[in-house]
Amino acid sequence: MRFAGLIPQIRSRKEITGYFVIRFSTPFMSFHMFRKLRRIHGQQLYKNTYALVVFENQNLHELFNIEKQNIEILRGKVQILNNRMLCYKKV
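Residues 1 to 91 in full-length UniProt numbering are what the sequence shown spells out, letter by letter.
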């Protein structure tokens with residue numbers, strides 16, 4: 001399935017049982033398409049440590065809208081690296 005076919009499923013996702021990794025993804029400018037996401041359980045972790053990983057996304061300017069979207073990570077850490085357009089004051 002192509003990425004465009006996944007967009008409706010992504011937009012409606014409220015919880016992730018494992019981990020969430022976005023890397024080397026040039027189309028992403030923000031994570032607004034994940035606006036319904038509320039919880040990352042971290043039952044499985046990326047590299048046995050991380051529940052949320054965001055790295056090497058060349059066009060990413062903004063993550064989640066923190067004022068409108070409160071995301072709970074039940075287990076695991078967050079890693080955000082080398083997103084050259086991302087303002088770290090917004091992280």
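Don't be surprised by glycine CBs; every beta carbon is placed ideally from N, CA and C.
These numbers were taken from a predicted model, which means no experiment stands behind them.
N83 and L52 closer than 8 Å at C-beta: no
The beta strand (DSSP E) with residue 94 in it runs from where to where? Beyond the ends of the chain as shown, which are 1 and 91, falls residue 94; an answer cannot be given.
Using only CA atoms, which one of E15, I71 and V21 lies nearest to N57? V21
Quick one: is F31 buried, meaning 16 or more other Cβ sit within 10 Å of its Cβ, or exposed? buried
Between L37 and R13, is the Cβ-Cβ spacing less than 8 Å? yes
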